[in-house]
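Protein chains in written order, with our numbering: chain A, 1 to 168; chain B, 1001 to 1258; chain C, 2001 to 2046.
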């Protein structure tokens, strides 16, 4: 006969193990619906029917942004890319402040019959890097990073970098 | 009680130490003198972190001044998760070792943790609107933190829902332990799935992707928030112990009077 | 977009929460101390 405390401990650990396994399997099974957006490559593979709403996420391709203003409403066309595939997107309305070439974007809308994506809403997905403007400028000037063309260099090369004016 | 005496020799040093410390009277004697100090340091350090973050830390190159919301949002999120981990730990001790102090702690952690989770959700929402363009999205990170908030609320309600407090403690402890599975989901949600929420900036194993003059106020504010949490929970636990003692004395007096 | 309302709102919510909960907790703690002392002195006087 084990001590009741030890029995409770073992029981609890076994329960925890089973629960973790069950949760892990469930999450793995529902993984695709837990994903907030599809990348252009996934969209080309899955080929969603035109008119079916989904979220498309990717990077705004450099040099692809074009804005036309009609009736004081801007209509912007740009290509969203994940480095492997790209999809043309059309959006009418004001874009979030963070929208720029090379920025991560999530567009909510549906495919059009012509293979483009008509966005109802555009959300900006900013990166996880935080630095003052001076540091970013210094990195650009040194040719180490251009925000248009991908993520910043490894953090240890800049997160303690001495820059004039950033010591506040 | 009988069980404790029987097992005193078998549960080993850890069990014996825990049982000595599990005495609410000892907790009160140990913690009460520390409370004013805890309160003073909580206010000073939190104040320093928040003033630094609000007024002195540099603005982010991309997000501008909106990045200042980080100094309240991130510490609140960390404390919300750490608080739930503490709640789950207390529930574990409560179920296995039947600690009276663990039940007491669980009862007092719940409302404080729920408050920090609420602050995390609200500040995150206020950050999301100017940056993302939406107050709320149903991505994995936001949804799992909302689940954390509901777990806290469920725990607060369940632990007080029974006429016999022991039943409430047992049921709430099971809820807290089952809900603990949500913690790794929150932490890894930004890695496992595509989310609109950014990935982790702070890394404990590698280099943090944040400039040092923004890291310092963040860390100070976080230490301050943790201290606030500890102070609030300890003060509430001390108050609860004294309230219980008062009730006991009044009941004894009533019994004698009857 | 003007960020100030969002920043001030975030800090405002946080401060209201911390000060509010701190105040409530302090009040509860003081009441608990006072009640216990009152009951203890009454019991001791018996």
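Virtual Cβ for every residue (Gly too), placed ideally from N, Cα, C.
None of these values were measured; they are calculated from a predicted model.
Do residue i and residue j have their C-beta atoms within less than 9 Å of each other?
i               : j               : result
residue 133(A)  : residue 1059(B) : yes
residue 159(A)  : residue 1215(B) : yes
residue 1241(B) : residue 1033(B) : no
residue 77(A)   : residue 67(A)   : yes
residue 1146(B) : residue 1121(B) : yes
residue 60(A)   : residue 99(A)   : yes
residue 1104(B) : residue 1237(B) : yes
residue 34(A)   : residue 1192(B) : yes
residue 178(A)  : residue 90(A)   : With chain A represented from 1 up to 168, any question about residue 178(A) goes unanswered, as that position is not in the structure.
residue 163(A)  : residue 1061(B) : no
residue 1234(B) : residue 1173(B) : no
residue 2036(C) : residue 1228(B) : no
residue 126(A)  : residue 140(A)  : no
residue 16(A)   : residue 1028(B) : no
So is residue i in contact with chain A if we call contact Cβ pairs under 9 Å?
i               : result
residue 1194(B) : yes
residue 1117(B) : no
residue 1251(B) : no
residue 1058(B) : yes
residue 1126(B) : no
residue 1163(B) : no
residue 1105(B) : no
residue 1207(B) : yes
residue 1172(B) : no
Output yes if chain B places a C-beta closer than 9 Å to the C-beta of residue i; else output no.
i               : result
residue 147(A)  : yes
residue 1(A)    : Since pLDDT at residue 1(A) reaches only 47, below the 50 mark, its modelled position is unreliable, and the value read off the structure follows with that caveat. False, the Cβ-Cβ gap to chain B never drops below 9 Å.
residue 158(A)  : yes
residue 2004(C) : yes
residue 2045(C) : no
residue 120(A)  : no
residue 16(A)   : yes
residue 45(A)   : no
residue 167(A)  : The predicted position of residue 167(A) is uncertain, since its pLDDT is 46 and thus under 50; no value can be drawn from it.
Along the beta strand (DSSP E) that carries residue i, what are the first and last residues, could you check?
i              : result
residue 92(A)  : 86 to 92
residue 122(A) : 117 to 125
residue 105(A) : 104 to 111
residue 69(A)  : 66 to 70
Of all the CB atoms in chain C, is at least one closer than 9 Å to the CB of residue i?
i               : result
residue 1112(B) : yes
residue 1236(B) : yes
residue 1123(B) : yes
residue 1066(B) : yes
residue 1243(B) : yes
residue 1223(B) : no
residue 1201(B) : no
residue 1151(B) : no
Bridge partners of residue i, per DSSP?
i               : result
residue 1210(B) : 130(A)
residue 1060(B) : 132(A), 1064(B)
residue 59(A)   : 81(A), 104(A)
residue 53(A)   : 110(A)
residue 73(A)   : 70(A)
Looking at the unbroken alpha helix (DSSP H) that takes in residue i, where does it start and where does it end?
i               : result
residue 16(A)   : 4 to 29
residue 1038(B) : 1035 to 1051
residue 1099(B) : First-last for residue 1099(B): undefined, no H or E at that position.
residue 38(A)   : Note, residue 38(A): premise wrong, no alpha helix (DSSP H); not H, not E.
residue 1140(B) : 1140 to 1159
residue 2044(C) : 2004 to 2045
residue 1025(B) : 1024 to 1031
residue 1183(B) : 1182 to 1192
residue 1167(B) : 1165 to 1179
Can you find a CB in chain E that lies within less than 9 Å of the CB of residue i?
i               : result
residue 1047(B) : This model lacks chain E altogether; the protein chains it does include are A, B and C.
Any heavy atom of the ligand ZN inside 8 Å of the beta-carbon of residue i?
i               : result
residue 1153(B) : This structure lacks the ligand ZN; in fact it carries no ligand of any kind.
> Are the segment 1041 to 1055 of chain B and the segment 1192 to 1199 of chain B touching, with three or more C-beta to C-beta distances below 8 Å?
Replying inline: no
>> Taking 8 Å as the cut-off, does the segment 88 to 105 of chain A touch the segment 1125 to 1137 of chain B (at least 3 CB pairs, one atom from each stretch)?
In response: yes
> Given 8 Å as the limit, is there contact between the segment 1081 to 1097 of chain B and the segment 1179 to 1190 of chain B, that is, 3 or more CB pairs closer than that?
Replying inline: yes
> Taking three-plus beta-carbon pairs below 8 Å as touching, is the segment 1072 to 1079 of chain B in contact with the segment 1115 to 1129 of chain B?
Replying inline: Contact check between the segment 1072 to 1079 of chain B and the segment 1115 to 1129 of chain B: three or more CB pairs, one atom from each, fall below 8 Å, which counts as touching.
>> When you compare the segment 1241 to 1257 of chain B with the segment 2020 to 2039 of chain C, are there three or more beta-carbon pairs, one atom per stretch, that lie closer than 8 Å?
In response: yes
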